[in-house]
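Okay, so the sequence shown: first residue is 9 according to this note's numbering, each after it adds one.
Glycine included, each C-beta is placed from N, C-alpha and C at the ideal position.
Since the structure is predicted, the reported quantities are computational estimates derived from the model, not experimental observations.
To start, the structure itself, in structure tokens.
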Amino acid sequence: MKRVFLFLPFIVTIFFPSCLSDMPDSISSDSGLNPSIAFPLGKTSVGLNSVSGFNEALLETNPLTNEPYWVEFEQIPLSYSMQFNMGDIYQNSEEVVELLFRLNIYNGFPANVQVQVYFLDYSGFATDSVFSDGPLGLNPATAKDNGEITSKPHEQKDILFNSERIDNLQFVDRVMVSVVFSTEGIDKDLVEYYDDYLVDVQIGVKANLKFGL
Numbered sequence: 009m010k011r012v013f014l015f016l017p018f019i020v021t022i023f024f025p026s027c028l029s030d031m032p033d034s035i036s037s038d039s040g041l042n043p044s045i046a047f048p049l050g051k052t053s054v055g056l057n058s059v060s061g062f063n064e065a066l067l068e069t070n071p072l073t074n075e076p077y078w079v080e081f082e083q084i085p086l087s088y089s090m091q092f093n094m095g096d097i098y099q100n101s102e103e104v105v106e107l108l109f110r111l112n113i114y115n116g117f118p119a120n121v122q123v124q125v126y127f128l129d130y131s132g133f134a135t136d137s138v139f140s141d142g143p144l145g146l147n148p149a150t151a152k153d154n155g156e157i158t159s160k161p162h163e164q165k166d167i168l169f170n171s172e173r174i175d176n177l178q179f180v181d182r183v184m185v186s187v188v189f190s191t192e193g194i195d196k197d198l199v200e201y202y203d204d205y206l207v208d209v210q211i212g213v214k215a216n217l218k219f220g221l
């Protein structure tokens with residue numbers, strides 16, 4: 009019987025220029041002065057490593073099964089955190105009317121994965137998540153017999169936060185990218201290559217602002 013895996017997130021921050029070049033030209037507008045700003049929130053590549061909150065001791069081989077210990081778990085959770093403070097947006101405006109989060113996700117694991125992005129406050133409590141209906145699922149990547157990945161499933165999602173949801177982000181100081189992959193039905197011949205596989209996540213933000221006249 010497979011076990012349940014517990015983890016603690018590891019916090020790191022990276023900024024990147026991509027993911028914004030094809031952001032929508034506008035979100036919405038009214039009769040007021042509503043300019044917008046766009047900026048990269050961050051990017052990450054999560055995998056079976058300590059930076060992604062994974063216990064690398066589980067990569068060692070179990071002498072009884074001749075497989076790494078992580079295979080004994082039903083699901084493997086990975087995580088990565090980035091700084092995000094609403095105050096940085098509010099400082100030059102009277103009101104944030106809407107926020108648009110654009111996510112680009114590439115699954116480099118030959119296994120089913122689920123991705124969610126949580127907004128965390130200073131105490132680590134999740135005040136909201138990007139996908140309100142639950143994590144986004146991605147199909148397995150395609151791999152050769154030698155472990156080489158030949159095709160990565162890709163999802164691009166635009167998630168709009170209206171003023172009501174923006175209120176949930178008032179005390180947020182970071183976001184946590186959560187990636188969980190299932191070990192059910194994985195190709196045993198590819199297990200030895202799993203420590204090389206990654207899920208790539210890019211996040212961009214566009215804010216519609218309101219200024220006093």
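Check your understanding: Which residues does DSSP pair with Asp208 in a beta bridge?
Key -> As a position in the sequence shown, residue 208 is number 200, starting the count at 1. In the DSSP output, where bridge partners are listed per residue, Asp208 has Ser53, Tyr114.
Exercise for review: Answer yes or no: do Asn176 and Thr150 have a C-beta to C-beta separation smaller than 8 angstroms?
Suggested key: The residue labelled residue 176 in the question sits at position 168 within the sequence shown. The residue labelled residue 150 in the question sits at position 142 within the sequence shown. Remark: C-beta atoms of Asn176 and Thr150 do not approach each other more closely than 8 angstroms.
**Study point:** For Asn170 and Glu106, believed in contact at Cβ under 8 angstroms, the rounded distance
**Key:** As a working note, residue 106 is residue 98 in the sequence shown. As a working note, residue 170 is residue 162 in the sequence shown. With a Cβ gap of about 6 angstroms, Glu106 and Asn170 count as contacting.
Exercise for review: Could you check which residue in Ala119, Gly132, Pro143 has the C-alpha nearest to that of Val125?
Suggested key: Translated into the one-based positions of the sequence shown, residue 125 becomes position 117. Measuring C-alpha to C-alpha distances from Val125 to each of Ala119, Gly132, Pro143 identifies Pro143 as the nearest.
**Study point:** Contact set for Ser58: own chain, Cβ-Cβ below 6 angstroms, skip 5 residues either direction
**Key:** Counting from 1 along the sequence shown, the entry for residue 58 is found at position 50. Excluding positions up to five away in sequence, the list reads Glu64.
**Study point:** Buried/exposed call for Lys160, threshold 16 Cβ in 10 Å
**Key:** Taking the first residue of the sequence shown as position 1, residue 160 is located at position 152. With 16 or more other Cβ atoms within 10 Å, it is buried.
**Study point:** Beta-bridge partners of Ile97, as assigned by DSSP
**Key:** Residue mapping note: residue 97 aligns to position 89 of the sequence shown, counting from 1. Answer is none; Ile97 lacks a bridge partner.
Practice item. Work out the CA separation of Phe179 and Gln91 for me, nearest whole Å. Key: Within the sequence shown, the letter at position 83 stands for residue 91. Within the sequence shown, the letter at position 171 stands for residue 179. Rounded to whole angstroms, Gln91 to Phe179 spans 12 angstroms at the Cα level.
Check your understanding: Is Ile194 helix, strand or coil by DSSP?
Key -> The residue you call residue 194 lines up with position 186 of the sequence shown. Assignment of Ile194 by DSSP, reduced to helix, strand and coil, places it in the coil class.
Check your understanding: DSSP beta-bridge partners for Asp136?
Key -> Taking the first residue of the sequence shown as position 1, residue 136 is located at position 128. Under DSSP, the beta-bridge partners assigned to Asp136 are Phe127.
Check your understanding: Going by DSSP, which residues form a beta bridge with Lys218?
Key -> Along the sequence shown, one-based indexing puts residue 218 at 210. According to DSSP, which records beta bridges pairwise, Lys218 is partnered with Glu103.
Check your understanding: How should Phe62 be labelled, buried or exposed, when 16 other C-beta atoms within 10 angstroms of its C-beta is the threshold for buried?
Key -> For this step, residue 62 is matched to residue 54 along the sequence shown. The residue in question, Phe62, is buried, as its Cβ has 16 or more Cβ neighbours within 10 Å.
Check your understanding: How is Asp153 classed by DSSP in three states: helix, strand or coil?
Key -> For this step, residue 153 is matched to residue 145 along the sequence shown. The three-state reading of DSSP puts Asp153 in coil, since its state is none of H, G, I, E or B.
Exercise for review: Output the boundary residues of the alpha helix (DSSP H) element that contains Glu172.
Suggested key: In the sequence shown, counting from the first residue as 1, residue 172 sits at position 164. Unbroken alpha helix (DSSP H) run through Glu172: 171-175.
Exercise for review: With DSSP collapsed to three states, give me the class of Glu64.
Suggested key: The count along the sequence shown starts at 1 and reaches residue 64 at position 56. In the displayed model, Glu64 falls within a helix according to three-state DSSP.
Exercise for review: Could you check what DSSP says for Asp203 in three-state terms: helix, strand or coil?
Suggested key: Position 195 of the sequence shown, counted from the first residue, corresponds to residue 203. DSSP places Asp203 in helix when its eight states are reduced to three.
Point to revise | Check whether Pro5 and Ala119 have beta carbons under 8 angstroms apart | key: Because the chain spans 9 through 221 in this model, residue 5 falls outside it and cannot be assessed.
Practice item. Go to Leu72, then tell me how far its beta strand (DSSP E) extends in each direction, as first and last residue. Key: Taking the first residue of the sequence shown as 1, we reach residue 72 at position 64. For Leu72, there is no enclosing beta strand (DSSP E), as DSSP marks it with neither H nor E.
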